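A short worksheet on the structure shown next.
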Amino acid sequence: MVRSETPEPAGGDQSLGDLVALAAKDVSQLIRYEIDLAKTELKGDAKRVGLAGALAGVAAFVGCLVLVLFCIAFAYGLIALGIWTWAAFLIVAGTCVLLAAVAVGIALLKLRHLSGLRKTRKTVTEGFGMLRHDGQQPEIAAPKPR
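Per the numbering used here, residue 25 is the first one in the sequence shown, and the count goes up by one each step.
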């Protein structure tokens, strides 16, 4: 338990003001400790995320190289089937464009279903409502559902 450094009055009886000041100081100190803990955890997480991001970048680069090699092999496979060279490479390019269009379509469908932090906004509003003395909840502008 965190103890305050504020000495008690000589008589041992503390006034209400002293108790409120002591409680405020303890809460403030607790918040500082929580923030320090969060910073420490975030530094460790940031290092892990940075390393994972770098490795994902390497994997994406190698994946692009492999895709180029597969496209060339696909084109030469079409040429071996008797298709003109220019037509084979045009078919491969069209296939790549089609795959990209499908990926963009799927991404757009996923973006339409974003929640907009509805649950977080609700819990924060409820938390503010509990902290207010009059029981009123603060008005937080919520985006209109589509």
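All residues carry an ideal CB built from backbone N, CA and C; glycine is no exception.
The structure presented is a predicted model; accordingly, all values stated were derived computationally and were not measured.
Relative to the C-alpha of residue i, which residue among the options is closest?
i	options	result
residue 115	79, 63, 95	95
Confirm, please, whether the CB-CB distance from residue j to residue i is below 9 Å.
i	j	result
residue 117	residue 103	no
residue 99	residue 109	yes
Over what stretch of residues does the alpha helix (DSSP H) that includes residue i continue unbroken?
i	result
residue 93	40-104
residue 133	109-136
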